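Peer 1:
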Amino acid sequence: MMSNLHDVIRLEGFLSRQEVCMEAGNQSTSDIVLEGVRKRFELAKGQVIDAVEHVDLNIAGGEFIALIGPSGCGKSTLLRMVAGLETPSHGQIKIAGQTPNECIKQQKLGIAMQEHGLMPWLSAWDNIALPFRLAGLPVDIDRVHELLALVGLDEFANALPKQLSGGMKQRVSIARALALEPQVLILDEPFGALDAVTRRLMNNELQRIWSRKPTTTILVTHSVEEAVFLADRVCLMSPRPGRLALVEPITLERPRSLETMQTAEFRNLLAKLTAALDEVCMSAPAQ
Amino acid sequence: MYVGTCPVNFISEALKWVVGLGMLFVLWEVAGQQSWLGKALPPLSSIVSYAMEPRSYELLMRSASITASNALYGFLIGSIVGWAIACSGQIWPPMKKGLDTLSTFVNAIPLIALGPLLIVTVGEQSTPMATAALAVFFTVFVAVLGGFERVPSVHDDVIRTYGVTRWRALCFIEFPNALPSLIDGLKLGASSAVLGAILGEWFGAPAGLGVLIVSAMQNFQINLLWSAAFLGTAMSGIGFFVLALLQQKLLPRLGW
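In order, the protein sequence lines correspond to chains S and F. Whatever position you read off the first sequence (first residue = 1), add 67 for our numbering. Whatever position you read off the second sequence (first residue = 1), add 205 for our numbering.
Written out as structure tokens, the structure reads:
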């Protein structure tokens, strides 16, 4: 049964990569391959926790993947492994044939998290320019202006983070993640700390930004609605040890807008995935 | 704590100071007049009138300016060294442990014990500066290290996902994060520097408030002793105040 499921996941990954490749025409360089990835954390006194257990997943170039699952199911750990912030205990992760650490050295990753992580002493402009400075590259002034405009903050170029609202800070954070034109965009609950209304608007915003230049993206979120709205495929992870319980392709047409959320197709997918999420939560042993 | 620039606020703040100090001075004057603590605590008015006499005034000012310059140079040297050592541990992590141990060790040696050694090595003239520097160095070192400890983990993630070199991480992320902590350390260091300089002058410097204090002690010149002590305190206070002002005005502008 388990191996069947993995075959299905592989197959789906393959199919959808084919589709995306046909649409995008190139981009085969951004493939992310996760093979038998596991993560075991050693606690004190010889205790261990299996955070992620045997995840196989192929992500096509230019594809948007959303990882959902109950709290503590290892989705953030999986994301951190792709970002090179954690090392898998078993298995391997390849991004365009390279390990995450090799990608890091070439500045191929962009990351935005729930905590915006902006430098409080830098203006919005300088925060977006920071990746250039960190990489020792000359700051591409046009690119920084373009990104500020893209996230709709051209008027706030000189504002310090403390002068910006929560949503604005997250927009700067996403613009910063995009600064070096990363091959892979890694988003860990970027809007998790925002209120429901702002969050919905930000999702719409992110969808628009992403559609302008589809970048291979992995998003971790608690919100099924967010996942369905943004992703090409939604991966549902079961609780500890985390494994992929379901991979659902989202066939909603792009570009999507707030109206998309009103369609029957959207509602059906939402209902299906919510039910599946409830099921994995319920079947999990009490913690 | 940021105090607003509203004048009413400022005046009420100043008023509290004036009232508090005024009460202390009155109590002192009465205690001196009534000789509650014998000859060791003369009335405040007699100390002030002594200090204002041209001869003693000139002596006090000359000594104070020497101590001030010793304290200032010592403060600068000590802060720069403390800061540089903390930063180098950040750039070469393997060195960090050794530098921590060395600094703790240096700090554990009482300045009193180092005094004679300094006289022999750097000379009487420079000893006050050296003791001031030693007194400041550890405070600043610990403050900067503490600042590095407080770099938020999400900033560490930025450093790692962008594959940032140690040097750039220090310049662009870690050091700016440690700045508020550094200023805190400098604030504490300001009074340590004055204390260190006066202590260094005890070991036989040619001039300075420390020299004045030792000679006043030996000759039982109570008024001179108190005048010198006041000047030393005022100096520490000014240093602290200037840095506190810097903290209040500069940090919010820098985004903190």
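Note that CB positions come from ideal geometry on N, CA and C, so glycine has one too. Fair warning: this is a prediction, and the values are worked out from it, not measured in the lab.
So the beta strand (DSSP E) G177 (chain S) belongs to, where does it begin and stop?
Peer 2: Residue mapping note: residue 177 (chain S) aligns to position 110 of the first sequence, counting from 1. Where G177 (chain S) is concerned, the enclosing beta strand (DSSP E) stretches over 176–180.
Peer 1: Listed in chain order, which residues of the region 383–409 of chain F have Cβ atoms closer than 7 Å to some Cβ of chain S?
Peer 2: Result list empty, no residue passes.
Peer 1: Taking 8 Å as the threshold, find out whether the region 224–242 of chain S comes into contact with the region 186–198 of chain S through three or more Cβ pairs.
Peer 2: The region 224–242 of chain S, when compared against the region 186–198 of chain S, does touch it at the 8 Å Cβ threshold.
Peer 1: Name the chain F residues that come within less than 8 Å of Q174 (chain S), Cβ to Cβ?
Peer 2: Residue numbering aside, residue 174 (chain S) sits at position 107 when the first sequence is read from its first letter. By Cβ distance, chain F contributes Y367, G368.
Peer 1: Please report the distance separating the alpha-carbon of L264 (chain F) from that of S441 (chain F).
Peer 2: Counting from one through the second sequence, the residue named residue 264 (chain F) turns up at place 59. Counting from one through the second sequence, the residue named residue 441 (chain F) turns up at place 236. The straight-line gap from Cα to Cα measures roughly 20 Å.
Peer 1: Only counting the same chain, and skipping five residues up and downstream in sequence, which positions put a Cβ closer than 8 Å to that of C292 (chain F)?
Peer 2: In the second sequence, the residue the question calls residue 292 (chain F) occupies position 87. Contacts found: V349, L375, F380.
Peer 1: So, helix, strand or coil for R300 (chain S), using DSSP?
Peer 2: In the first sequence, residue 300 (chain S) corresponds to position 233, counting from 1. In this structure, R300 (chain S) counts as strand in the three-state DSSP scheme.
Peer 1: Work out the CA separation of T283 (chain S) and L349 (chain S) for me, nearest whole Å.
Peer 2: Stepping through the first sequence from its first residue, residue 349 (chain S) is reached at position 282. Stepping through the first sequence from its first residue, residue 283 (chain S) is reached at position 216. Reading off the sequence, residue 349 (chain S) comes out as Met, not Leu. Those two C-alpha atoms are separated by around 32 Å.
Peer 1: So for F131 (chain S), helix, strand or coil by DSSP?
Peer 2: As a first step, residue 131 (chain S) is located in the first sequence; it is residue number 64 there, counting from the start. Strand.
Peer 1: Using a Cβ distance threshold of 8 Å, determine whether the region 248–255 of chain S contacts the region 169–180 of chain S, with at least three qualifying pairs required.
Peer 2: A contact exists between the region 248–255 of chain S and the region 169–180 of chain S.
Peer 1: Does the Cβ-Cβ distance between A402 (chain F) and A276 (chain F) come in under 9 Å?
Peer 2: For this step, residue 402 (chain F) is matched to residue 197 along the second sequence. For this step, residue 276 (chain F) is matched to residue 71 along the second sequence. A contact, by the Cβ cut-off of 9 Å.
Peer 1: Considering Cα atoms alone, identify which of F:G405, F:A245, F:P385, F:Q453 is closest to A340 (chain F).
Peer 2: Translated into the one-based positions of the second sequence, residue 340 (chain F) becomes position 135. Looking at the Cα atoms, F:G405 is the closest of the given residues.
Peer 1: Can you list the residues of chain S that I378 (chain F) reaches, using a CB-CB cut of under 9 Å?
Peer 2: Residue mapping note: residue 378 (chain F) aligns to position 173 of the second sequence, counting from 1. The contacting residues are M186, L197, L201.
Peer 1: In the DSSP assignment, what are the bridge partners of V104 (chain S)?
Peer 2: Locating residue 104 (chain S) in the first sequence gives position 37, where the first residue counts as 1. Its beta-bridge partners are S:V122.
Peer 1: Determine whether the beta carbon atoms of P228 (chain S) and G460 (chain F) lie at a separation below 9 Å.
Peer 2: Within the first sequence, the letter at position 161 stands for residue 228 (chain S). Within the second sequence, the letter at position 255 stands for residue 460 (chain F). Closer than 9 Å, so yes.
Peer 1: Taking the alpha carbon of L319 (chain S) as the point to measure from, which residue in S:A118, S:S232, S:E332 has its own alpha carbon closest?
Peer 2: The residue labelled residue 319 (chain S) in the question sits at position 252 within the first sequence. For L319 (chain S), the nearest C-alpha among the options comes from S:E332.
Peer 1: Please list the partners that K236 (chain S) has in chain F, where partner means a Cβ-to-Cβ separation under 7 Å.
Peer 2: Counted from its first residue, the first sequence places residue 236 (chain S) at position 169. Those within 7 Å of K236 (chain S) in chain F number zero; the least Cβ separation is about 12 Å.
Peer 1: Tell me, to the nearest whole angstrom, how far the beta carbon of W297 (chain F) is from that of L387 (chain F); I am working on the premise that it is less than 8 Å.
Peer 2: In the second sequence, counting from the first residue as 1, residue 297 (chain F) sits at position 92. In the second sequence, counting from the first residue as 1, residue 387 (chain F) sits at position 182. Actually they do not touch by this definition, with Cβ atoms about 20 Å apart.
Peer 1: Mark H157 (chain S) as exposed unless 16 or more other C-beta atoms lie within 10 angstroms of its C-beta, in which case mark it buried.
Peer 2: In the first sequence, the residue the question calls residue 157 (chain S) occupies position 90. Exposed: under 16 other Cβ atoms inside 10 Å.
Peer 1: Select from S:S305, S:G203, S:L311, S:L286 the residue whose C-alpha is nearest the C-alpha of D299 (chain S).
Peer 2: Residue mapping note: residue 299 (chain S) aligns to position 232 of the first sequence, counting from 1. Of the candidates S:S305, S:G203, S:L311, S:L286, the one whose C-alpha sits nearest the C-alpha of D299 (chain S) is S:L286.
Peer 1: List, in order along the chain, the chain F residues whose C-beta lies closer than 8 Å to that of P228 (chain S)?
Peer 2: Sequence index remark: in the first sequence, residue 228 (chain S) carries index 161 (1-based). Those within 8 Å of P228 (chain S) in chain F are G460.
Peer 1: Is the Cβ of M304 (chain S) closer than 9 Å to any Cβ of chain F?
Peer 2: By 1-based counting over the first sequence, the position of residue 304 (chain S) is 237. With 9 Å as the cut-off, M304 (chain S) does not count as an interface residue toward chain F.
Peer 1: Could you say which of S:V122, S:E293, S:S143 lies nearest to Q159 (chain S) if we only look at CA atoms?
Peer 2: The residue given as residue 159 (chain S) occupies position 92 in the first sequence. Nearest C-alpha to Q159 (chain S): S:V122.
Peer 1: Does any residue of chain S have a CB that is nearer than 9 Å to the CB of P315 (chain F)?
Peer 2: Stepping through the second sequence from its first residue, residue 315 (chain F) is reached at position 110. Not an interface residue.
Peer 1: Say whether the region 264–273 of chain F touches the region 318–328 of chain F, bearing in mind that this needs 3 or more beta-carbon pairs closer than 8 Å, one atom from each stretch.
Peer 2: Short answer: they don't touch.
Peer 1: Going by alpha carbons, who is nearest to A163 (chain S) out of S:L101, S:K112, S:R238?
Peer 2: Indexing the first sequence from 1 puts residue 163 (chain S) at position 96. Per the Cα distances, S:L101.
Peer 1: Judging by CA-CA distance, which residue of F:I378, F:I317, F:V347 is the nearest neighbour of P187 (chain S)?
Peer 2: Position 120 of the first sequence, counting from 1, holds the residue named residue 187 (chain S). The option with the nearest alpha carbon to P187 (chain S) is F:I378.
Peer 1: Under 7 Å, CB to CB, which of the residues in the region 147–158 of chain S have a partner in chain C?
Peer 2: The structure shown contains no chain C; its protein chains are S and F.
Peer 1: Please state the DSSP three-state secondary structure of D117 (chain S).
Peer 2: One-based indexing of the first sequence puts residue 117 (chain S) at position 50. Residue state, collapsed to three classes: strand.
Peer 1: Using 8 Å as the Cβ pair cut-off and three pairs as the minimum, do the region 131–144 of chain S and the region 303–315 of chain S touch?
Peer 2: In short, these stretches touch, since the Cβ pair count reaches three.
Peer 1: Give a yes or no on whether 9 Å exceeds the smallest Cβ distance from G177 (chain S) to chain F.
Peer 2: By 1-based counting over the first sequence, the position of residue 177 (chain S) is 110. G177 (chain S) counts as touching chain F.
Peer 1: So that I know if they touch, is there some Cβ in chain F lying closer than 9 Å to that of R256 (chain S)?
Peer 2: Position 189 of the first sequence holds residue 256 (chain S). Reading off the sequence, residue 256 (chain S) comes out as Glu, not Arg. Judged by the 9 Å Cβ criterion, E256 (chain S) is not in contact with chain F.
Peer 1: Return the residues of the region 327–350 of chain F that lie within a Cβ-Cβ distance of less than 8 Å from chain S, sorted by chain order.
Peer 2: Hits within the stretch: zero.
Peer 1: Out of curiosity, what's the CA-to-CA distance linking R371 (chain F) and A245 (chain F)?
Peer 2: For this step, residue 371 (chain F) is matched to residue 166 along the second sequence. For this step, residue 245 (chain F) is matched to residue 40 along the second sequence. Roughly 57 Å between the two C-alpha positions.
Peer 1: DSSP has Q427 (chain F) in a bridge; who is on the other side?
Peer 2: Numbered from its first residue, the second sequence carries residue 427 (chain F) at position 222. Before going on, a small fix: residue 427 (chain F) reads as Ile here, not Gln. None; I427 (chain F) has no bridge partner.
Peer 1: For the region 349–364 of chain F, which residues have a beta carbon sitting closer than 8 Å to at least one beta carbon of chain S?
Peer 2: Listed by position, the residues of the region 349–364 of chain F near chain S (Cβ gap below 8 Å) are P357, V359, H360, D362, V363, I364.
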